[in-house]
Structure formats: C-alpha cells, structure tokens
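Inspection log for the structure reproduced underneath, given as structure tokens.
Residue numbers (our numbering): 1393 to 1724.
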C-alpha cells in the first residue's frame, strides 16, 4: 500500500483521492478548512463537493500540510492554478527532495505565462520528479467509476509511470507521455475553447458553429504547443481533443456554462463565482495566454475574442462580427 497525498479537497481532488483509495492505497486528502476534513473523516463524504459520493475509508482528510505529506510516497496538487505557486511554497518544508509530485491543475500563471510544471520547478525544484496529469475527466463521473482515461506526462518516463501505476484501474485508464509542455498547454487552452462554445450556444447559434469553434480552437492550441516546444500530436490526444470535446459538450462543464449562461447573457465572471463558488479556469487562461501570444508572435483570434468579452467588456456580437469578417485563407 502506497501513501499518496492529495492537496486540495475540491471536486477533482476528492475524485482522485477516491480513485487512489479504491486502488488499495492510502489517500491523504488535504482540505483548507479543518471542519471539512473532520466531516470527511466522520461521514466519508465531502460536505461541499461531490456530496453524494460515498468515500472509501482509505481516504483520510487533514487540514495540516505536514500531516498530509509526512511519509508520503507521492503527491498530487489539485488546487486552482492561480494558487499553485503559493501552495507549492507552503508545501516545500514538508516535501522530501525526491518525492514524486504531479500537478492536476489546468491553467497558465498570471503575469508570467508560466505553465504549472514551470511554477513547481521554480518553487520545489527537480523537474525530473514532476508530472502533469490531464484528460477528459469530469470528477462527477470519475468518482462514480464511469469508464474514463487520462494522461500522466513527465520528461522522465519513470515519474510518469509512478502516477500511471497509482491511478490506473479497469475503469480509469492512464496513458503515459513524455510531453508535459503539450499536455499542460492543451489543459489550459481547451477551457478557452469551451467558453467560446458555450457563448455560441447562448447566442442562439447551432452545432455547426460549435464544431467550427472546436476545430479552429484546436488549430490555435496546436500552434501554441508547437512554438512552446511541445508535440502537436498531443493536441489530438486525450489532453487535447479529448478534453476539449468533453469540456465543450458536457453538462458538467463550468467553462461552457460560464460562456452560455453568463457571458452570452451579459453577466460577469464575478456573477458566476458568487453563484457557484467555482473557478472558471478558462477565464483566467484567456487573459494569461496573452503573455505567450506576444512572446511567440502568434495570432490566436478565438482566444483574443474570449478575452475581449470576458475582461474588456466587448460585446459578443462585435467579436463574432470581427471573427467572421477576417480575410479568407487556407485551412492548413
């Protein structure tokens, strides 16, 4: 039995902890609030996220990072991406130098354009022990054992396979990858595409429009992955096209919901946060991608449009008009 620390007791952290526990390991789940940890240990259920899921007795919650990480064989960080640097700094005193750590957060750091593994390398060091986990994985389905698949990516094969072995089971297939850069960019960019798809449905457009947005969004994703040093083929895999499809089309998708029920109706990111107490990673990503867009000299019109609507107050109809009026060109 391995001891695996899961940092973050939101929906995805809870689902991953349950998966690890169901595989026969001890999952130590860190919750920010002591009362949440106490409730999980007392009732084997998360009082705030995935409340209907019965958690294994092998899921043991704590509000102490020291207790969570002490003696662990591996750790997963499942906090919002914009809190990652702070979280890693708090973890550092309790992380042995060789502890394998996987980041399961999807996003790009504000101001720097840094990907999650870059943030962890700067705060915790030792890139060779770090991995990124991403795929078409709605927590609501994974926690209930609905067949799913994901990718564990690291520049070192043995690190990726550590997390592959800890997480994989007959209902949760884990592929390994040597392209953490591609996986992380895909993980962030697909949320931007999902906001755009939701926005299009909210404006009354149809499936043709959604398919066009997904396809052109994947093209933008591929361009960014390539110039950043990743493998364009990753965009066609689980972390890219797979995650984009589920995030764009699923009823569970908070990014699509934000675009469809909020942006398209003139409501703001603050409204969504107040109503749901959830983070819209795509809203932050579309703003933070601008750093990379300028650095690499890229043209990412779909991302630019989502950013203009979300952060600059531009009318969705004006953005649509600008996109359809772009000069005609070859597809590839």
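Where a beta carbon is used, it is the ideal one built from N, C-alpha and C, also for glycine.
All values derive from a computational prediction rather than experimental measurement.
Element boundaries [alpha helix (DSSP H), containing residue i]
| i | result |
| --- | --- |
| residue 1567 | Segment 1564 to 1569 is the beta strand (DSSP E) holding residue 1567; no alpha helix (DSSP H) there. |
| residue 1619 | 1599 to 1619 |
| residue 1355 | Lying before the first or after the last residue shown, residue 1355 is absent from the chain, which here runs from 1393 to 1724. |
| residue 1514 | 1508 to 1516 |
| residue 1542 | Careful: residue 1542 lies outside any alpha helix (DSSP H), inside the beta strand (DSSP E) at 1540 to 1545. |
| residue 1534 | 1531 to 1534 |
| residue 1550 | 1549 to 1559 |
| residue 1504 | Counting along the chain, residue 1504 falls outside any alpha helix (DSSP H), and DSSP gives it neither H nor E. |
| residue 1337 | Nothing can be reported for residue 1337: it is not among the residues displayed for the chain, which extend from 1393 to 1724. |
| residue 1481 | 1476 to 1483 |
| residue 1700 | 1693 to 1704 |
| residue 1708 | 1708 to 1716 |
| residue 1458 | 1457 to 1461 |
| residue 1649 | 1646 to 1649 |
For residue j and residue i, believed in contact at Cβ under 8 Å, the rounded distance
| i | j | result |
| --- | --- | --- |
| residue 1571 | residue 1553 | Not quite, the Cβ-Cβ distance comes to about 15 Å (not below 8 Å), so this is no contact. |
| residue 1588 | residue 1694 | 6 Å |
| residue 1422 | residue 1448 | About 17 Å; that fails the 8 Å criterion. |
| residue 1594 | residue 1655 | 7 Å |
| residue 1466 | residue 1555 | 7 Å |
| residue 1470 | residue 1408 | 6 Å |
Proximity of residue i and residue j at Cβ, strictly below 7 Å
| i | j | result |
| --- | --- | --- |
| residue 1632 | residue 1639 | no |
| residue 1440 | residue 1420 | no |
| residue 1442 | residue 1411 | no |
| residue 1543 | residue 1526 | yes |
| residue 1516 | residue 1494 | no |
| residue 1502 | residue 1548 | no |
| residue 1701 | residue 1716 | no |
| residue 1464 | residue 1426 | no |
| residue 1676 | residue 1590 | no |
| residue 1573 | residue 1634 | no |
| residue 1583 | residue 1505 | no |
| residue 1485 | residue 1671 | no |
| residue 1545 | residue 1585 | no |
| residue 1404 | residue 1531 | yes |
| residue 1450 | residue 1413 | yes |
| residue 1511 | residue 1476 | yes |
| residue 1699 | residue 1678 | yes |
Among the options, nearest to residue i - alpha-carbon criterion
| i | options | result |
| --- | --- | --- |
| residue 1562 | 1576, 1577 and 1540 | 1540 |
| residue 1483 | 1584, 1655 and 1399 | 1399 |
| residue 1415 | 1393, 1523, 1577 and 1646 | 1393 |
| residue 1446 | 1454, 1457, 1433 and 1455 | 1433 |
| residue 1489 | 1513, 1606, 1427 and 1471 | 1513 |
| residue 1430 | 1558, 1463, 1401 and 1687 | 1401 |
| residue 1522 | 1507, 1533 and 1655 | 1507 |
| residue 1611 | 1714, 1681 and 1723 | 1723 |
| residue 1480 | 1584, 1559, 1457 and 1499 | 1457 |
| residue 1641 | 1528, 1614, 1546 and 1487 | 1528 |
| residue 1497 | 1581, 1709 and 1699 | 1581 |
| residue 1647 | 1613, 1596, 1592 and 1604 | 1592 |
| residue 1460 | 1510, 1437 and 1395 | 1395 |
| residue 1629 | 1566, 1664, 1706 and 1659 | 1566 |
| residue 1614 | 1663, 1559, 1532 and 1690 | 1690 |
| residue 1500 | 1680, 1688 and 1559 | 1680 |
| residue 1687 | 1699, 1707 and 1619 | 1619 |
| residue 1721 | 1703, 1624, 1705 and 1608 | 1608 |
| residue 1605 | 1658, 1692, 1617 and 1616 | 1692 |
| residue 1417 | 1491, 1662, 1560 and 1661 | 1560 |
| residue 1709 | 1664, 1558, 1657 and 1661 | 1657 |
| residue 1462 | 1444, 1518, 1487 and 1649 | 1487 |
| residue 1533 | 1557, 1550 and 1644 | 1644 |
First through last residue of the beta strand (DSSP E) which encompasses residue i
| i | result |
| --- | --- |
| residue 1403 | Premise fails: residue 1403 lies in the alpha helix (DSSP H), 1403 to 1414, not in any beta strand (DSSP E). |
| residue 1454 | 1451 to 1454 |
| residue 1396 | 1395 to 1399 |
| residue 1421 | 1418 to 1422 |
| residue 1595 | No beta strand (DSSP E) holds residue 1595; DSSP gives it neither H nor E. |
| residue 1672 | First-last for residue 1672: undefined, no H or E at that position. |
| residue 1335 | Beyond the ends of the chain as shown, which are 1393 and 1724, falls residue 1335; an answer cannot be given. |
| residue 1466 | 1466 to 1469 |
| residue 1522 | 1522 to 1526 |
Quiz item: With a cut-off of 8 Å, do at least 3 Cβ pairs link the segment 1571 to 1587 to the segment 1595 to 1602?
Solution: no
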